[in-house]
Amino acid sequence: MGKLKFKIIPSKHAEANELLKIQKEAFHSDLIKYKDYHTSPATESLDYFFFRMQNSLHYSIFVEGRLAGGICLVKQTKDHNYLYRIFLGSEFQNKGLGSKILQELERQFPKVKKWLLDTPNDNRRNRHFYEKFGYKKTGEQQVNEYLTLINYEKIL
């Protein structure tokens, strides 16, 4: 397969249903593993998804013209963003898009010098991915008996 073309553009309300469906699929295995029925992206309602779209910077990821996933950023200050959520549908995973998408995000926000995110403690793949991309562990928080999140920060 050749190099996949992608773009990141602000989400439209008309995309919310499909984005939520992709998000639920992307986080379903985490829901089963961590039993986090209260805050899991896999259990989010459409109403709350709309609320997040209106109260954060929400982007749609298109790959080869198809809606492939989404990004939710929470602006902390003018030079500090929290990567609240990033997800791709399963057919778009493991194709090298993740690092290209993170690079593009940084390019689209040149004033942002501090990025924060969190990921499950035992998700070695995610942790390796973010650490390879320059994120450093800053702490952790226990969500329930099955899930501990590692907090990460990247300073540019």
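Residues in the sequence shown are numbered consecutively from 42, following my numbering. Every residue, glycine too, gets a C-beta built ideally from N, C-alpha and C.
Let me know the secondary structure DSSP gives residue 151 once reduced to three states.
For the purposes of this step, residue 151 is identified with residue 110 of the sequence shown, where counting begins at 1. Correct three-state label for residue 151: coil.
Does residue 73 pass the burial test, meaning 16 or more other C-beta atoms within 10 Å, or should it be called exposed?
Numbered from its first residue, the sequence shown carries residue 73 at position 32. Per the 10 Å Cβ criterion, exposed.
Looking only at its chain, what residues have a beta carbon closer than 6 Å to the beta carbon of residue 123, apart from the 5 residues adjacent to it on each side?
Within the sequence shown, numbered from 1, the residue matching residue 123 stands at position 82. Excluding residues within five positions, the ones whose Cβ falls inside 6 Å are 115, 117, 157.
Measure the beta-carbon distance from residue 68 to residue 142 and round it to whole angstroms, keeping in mind my assumption that it falls under 8 Å.
Working through the sequence shown from its first residue, we reach residue 68 at position 27. Working through the sequence shown from its first residue, we reach residue 142 at position 101. That belief does not hold up - the Cβ atoms of residue 68 and residue 142 are roughly 17 Å apart, past 8 Å.
In terms of alpha-carbon separation, which member of 66, 126, 93, 113 lies closest to residue 132?
Numbered from its first residue, the sequence shown carries residue 132 at position 91. When only C-alpha atoms are compared, the closest one is 66.
According to the Cβ coordinates, are residue 160 and residue 171 closer than 9 Å?
Numbered from 1 along the sequence shown, position 119 holds the residue referred to as residue 160. Numbered from 1 along the sequence shown, position 130 holds the residue referred to as residue 171. Yes, the Cβ-Cβ distance between residue 160 and residue 171 is below 9 Å.
Grouping DSSP H, G and I as helix and E and B as strand, with all else coil, what is residue 177?
For the purposes of this step, residue 177 is taken as residue 136 along the sequence shown, with counting starting at 1. Residue 177 falls in the strand class under three-state DSSP.
Straight-line gap, residue 102 to residue 147 (C-alpha atoms, nearest Å)
Working through the sequence shown from its first residue, we reach residue 102 at position 61. Working through the sequence shown from its first residue, we reach residue 147 at position 106. The straight-line gap from Cα to Cα measures roughly 15 Å.
If you follow the beta strand (DSSP E) that residue 44 is part of, which residue opens it and which one closes it?
Here residue 44 is taken as the residue at index 3 of the sequence shown, counted from 1. No beta strand (DSSP E) contains residue 44, which DSSP labels as neither H nor E.
Expressed to the nearest angstrom, what Euclidean distance is found between the alpha-carbon atoms of residue 91 and residue 78?
In the sequence shown, residue 91 corresponds to position 50, counting from 1. In the sequence shown, residue 78 corresponds to position 37, counting from 1. Rounded to whole angstroms, residue 91 to residue 78 spans 19 Å at the Cα level.
Relative to the C-alpha of residue 177, which candidate in 197, 62, 87 has its C-alpha closest?
Within the sequence shown, numbered from 1, the residue matching residue 177 stands at position 136. Here the closest residue by C-alpha is 197.
Whole angstroms is fine: what's the gap from residue 76's alpha carbon to residue 51's?
Locating residue 76 in the sequence shown gives position 35, where the first residue counts as 1. Locating residue 51 in the sequence shown gives position 10, where the first residue counts as 1. Those two C-alpha atoms are separated by around 31 Å.
Tell me residue 182's beta-bridge partners as DSSP assigns them.
The count along the sequence shown starts at 1 and reaches residue 182 at position 141. In the DSSP output, where bridge partners are listed per residue, residue 182 has 190.
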